[in-house]
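Colleague:
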Amino acid sequence: MTKPGTATVNRQSHATERAALHAPAALTIDLGALRRNYRKLKKAAPNANCAAVVKADAYGTGAVRSAKALAEEGCDTFFVATLDEAGEIREAVPTAALYVLNGVFLGTCPYFIAINARPVLGSMSEIEEWAHFNSEQSTRLPAALHIDTGMNRHGLTADEIEEISKDSTILESFQVSLVMSHLACADDPDHPKNDEQRLTFDRLRARLPEAPASLANSAGIFLGSEFHYDMVRPGIALYGGQALAGSSDAMSPVVRLHGRIVQVRPAREGETVGYGAAHALTRPSRIAVVAVGYADGYARTLGSSDAETGAVGHIGGHKAPIVGRVSMDLITLDVTDVPEESVYRGAMVELLGDHVGLDDLARIAGTIDYEILTRLGRRHQRIYLDA
Ligand SMILES: *Cc1c(COP(=O)(O)O)cnc(C)c1O
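In this text, residue positions in the sequence shown follow numbering that gives the first Met the number 0: the first is 0, and each later residue adds one.
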């Protein structure tokens with residue numbers, strides 16, 4: 000919705016204008032940018048197959064839409080965290096290999112067959128179950144093996160691999176379609192653990208049946224070609240996160256969030272705004288109340304107090320800093336310095352986008368871009384752009 004007389008139509012305002020009048024916020028997901036990021040990552044690892052990690056609803060962007068767009072770009076392998084997530088996108092990517100990172104839980108093997116998904120097996124008991132199930136069904140279905148190379152999260156230990164390598168008949172009862180591990184410190188290119196993990200990966204996978212190998216997440220791709228192996232598994236970089244801190248190889252932003260102004264109110268110097276009376280106004284102010292809160296994934300740690308500044312919104316070419324705490328459904332922004340004609344009931348304020356970067360928002364919130372994206376809530380109207 001545009002105020003009569005304002006005619007700025009860049010791509011972004013165009014998108015927010017498509018938001019329904021009742022929508023408290025618009026989450027714009029730029030599938031064109033997602034496609035560009037995929038091509039860029041593919042180019043960065045030219046000799047590897049570029050898979051896509053679409054767990055947690057494709058980092059909040061919508062797994063079905065995002066997976067479909069990526070498949071159109073040639074992506075033929077997807078990773079999700081859970082079996083339900085695999086089921087959700089199976090129809091959208093009917094021919095793709097679909098790996099479930101959390102592996103099999105007791106008794107869940109038949110469900111993998113039902114949707115043609117592959118478990119990532121990260122412990123001996125999972126391997127035993129998958130092997131037993133395949134023998135029972137007289138099949139040899141594909142699965143990935145996850146090796147622990149220093150993360151102590153998922154994956155077979157060196158001792159377990161030693162044990163398997165003595166009698167690998169158990170691995171003959173199914174198809175080992177991928178051997179993978181995960182880097183703990185890839186976002187820090189100088190961290191010695193990167194090379195340590197790579198060497199451990201080489202040493203341990205040599206003891207397993209020959210299979211395609213995969214080690215790199217988004218940041219791992221930029222550690223160099225020796226980290227690429229047969230397949231790379233980017234997540235965050237696809238969705239516009241900068242895989243490496245301060246990297247010049249910038250990804251295109253995919254997600255933008257705009258919140259609707261519910262009202263604009265004057266407030267006097269010395270008055271406080273919001274819960275806890277945490278922020279007192281130091282001048283006569285205009286406050287815009289915006290219909291986004293922590294229930295929408297806008298972190299409470301983005302709020303401000305007398306002692307600390309918080310995040311900013313952006314409207315009419317101006318910054319609008321948060322004043323006071325973030326409520327469940329609302330935030331309050333100082334729009335005193337924003338021209339009155341841009342700030343009115345019903346207008347949309349950028350809370351994440353071209354002027355409010357994902358990295359900055361994460362830093363102010365005291366978290367990482369992954370958490371910001373995956374928490375963006377369900378109340379926003381989602382608008383998909385695809386160029
Ligand atoms: C989440 C995840 C990825 C993707 O990581 P990004 O840092 O988002 O690129 C890759 N591999 C595994 C095992 C993961 O859990």
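Every residue gets a Cβ at the ideal spot worked out from N, C-alpha and C, and that includes glycine. Being a predicted model, the structure only gives us computed values, none of them experimental.
Rounded to a whole number of angstroms, what is the C-alpha to C-alpha distance between Q174 and P208?
Modeller: 10 Å
Colleague: Just how far apart, CA to CA, sit S176 and T76?
Modeller: 12 Å
Colleague: Excluding the five sequence neighbours on either side, which residues of its own chain have a C-beta within less than 7 Å of the C-beta of T7, listed in chain order?
Modeller: At T7 the pLDDT is 35, less than 50, meaning the model places this residue with poor confidence; the figure from the coordinates comes in the next sentence. Excluding residues within five positions, none has a Cβ falling inside 7 Å.
Colleague: Tell whether a beta-carbon distance below 7 Å holds between S180 and F200.
Modeller: yes
Colleague: By DSSP's criteria, N36 is part of a beta bridge. Which residues make up the other side?
Modeller: According to DSSP, which records beta bridges pairwise, N36 is partnered with nothing at all.
Colleague: Can you confirm whether the segment 254 to 273 touches the segment 80 to 91 when touching is taken to mean that 3 or more C-beta pairs between the two stretches lie within less than 8 Å?
Modeller: no
Colleague: Buried or exposed: where does T60 fall if 16 or more other Cβ atoms within 10 Å of its Cβ makes it buried?
Modeller: buried
Colleague: How far does the alpha helix (DSSP H) with R204 in it extend, from its first residue to its last?
Modeller: Start and end: 191 to 204.
Colleague: Can you check which of these residues, P211, A50, A205, T81, is closest to L69 by C-alpha distance?
Modeller: A50
Colleague: F226 and R197 look like a contact to me (Cβ under 8 Å); what is the Cβ gap, rounded to whole Å?
Modeller: 6 Å
Colleague: In this structure, what does DSSP give as the bridge partners for K41?
Modeller: Its beta-bridge partners do not exist; DSSP assigns none.
Colleague: Could you tell me whether the segment 102 to 110 touches the segment 119 to 128, using the rule of 3 or more Cβ pairs below 8 Å?
Modeller: yes
Colleague: Where do the N-terminal and C-terminal ends of the alpha helix (DSSP H) with S164 fall, by residue?
Modeller: 157 to 165
Colleague: I need the DSSP call for A403, collapsed to helix, strand or coil.
Modeller: Residue 403 lies beyond the stretch modelled for the chain, which goes from 0 to 386, so this question has no answer here.
Colleague: May I ask which residues mark the beginning and end of the beta strand (DSSP E) holding A50?
Modeller: Neither: A50 is in no beta strand (DSSP E) and is coded neither H nor E.
Colleague: Can you tell me where the alpha helix (DSSP H) holding D83 begins and where it ends?
Modeller: D83 -> alpha helix (DSSP H) spans 82 to 89.
Colleague: Pair every Cβ in the segment 283 to 301 with every Cβ in the segment 229 to 239, then say whether three or more of these pairs are closer than 8 Å.
Modeller: No: fewer than three Cβ pairs fall under 8 Å.
Colleague: DSSP state of A70, grouped into three classes?
Modeller: helix
Colleague: Measure the beta-carbon distance from S217 to A242 and round it to whole angstroms, keeping in mind my assumption that it falls under 8 Å.
Modeller: 4 Å
Colleague: Check G296 in the structure and name its three-state DSSP category.
Modeller: In the three-state DSSP reduction, G296 falls in the coil class, being neither helix nor strand.
Colleague: Pull every residue with its beta-carbon under 5 Å away from any heavy atom of ligand 1, and keep them in chain order.
Modeller: Near ligand 1, meaning a beta-carbon closer than 5 Å to one of its heavy atoms, we find V52, H181, N216, S217, R232, P233, G234, I235.
Colleague: Below 7 Å between beta carbons: does that hold for G258 and L350?
Modeller: yes
Colleague: By how many angstroms is the C-alpha of D147 removed from the C-alpha of I160?
Modeller: As the crow flies, the alpha-carbon of I160 is around 10 Å from that of D147.
Colleague: Taking the alpha carbon of L203 as the point to measure from, which residue in D229, Y238, A157 has its own alpha carbon closest?
Modeller: A157
Colleague: Per DSSP, M179 is paired with what?
Modeller: According to DSSP, which records beta bridges pairwise, M179 is partnered with H145, S213.
Colleague: Excluding five sequence neighbours on each side, which residues of the same chain lie with their C-beta closer than 8 Å to the C-beta of Q136?
Modeller: Excluding residues within five positions, the ones whose Cβ falls inside 8 Å are I112.
Colleague: Applying the criterion that 16 or more other CB atoms from any shown protein chain within 10 Å of the CB defines a buried residue, is S167 buried or exposed?
Modeller: exposed
Colleague: Among A32, V53, V348, N115, whose alpha-carbon lies nearest the alpha-carbon of I330?
Modeller: V348
Colleague: Taking the beta strand (DSSP E) that S124 falls in, what are its first and last residues?
Modeller: Segment 123 to 135 is the alpha helix (DSSP H) holding S124; no beta strand (DSSP E) there.
Colleague: From A392 to P211, what does the alpha carbon distance come to, in whole angstroms?
Modeller: This structure gives no information on residue 392, because the portion of the chain shown stretches from 0 to 386.
Colleague: I need the straight-line Cα distance from N115 to N133, nearest angstrom please.
Modeller: 14 Å
Colleague: The beta strand (DSSP E) with I260 in it runs from where to where?
Modeller: 254 to 266
Colleague: Please classify S284: does DSSP put it in a helix, a strand, or coil?
Modeller: strand
Colleague: Would you please state the rounded distance, in angstroms, between the beta carbons of D295 and H379? I believe it to be under 8 Å.
Modeller: 6 Å
Colleague: Alpha helix (DSSP H) containing E225: first to last residue?
Modeller: Segment: none, E225 is in no alpha helix (DSSP H) and carries neither H nor E.
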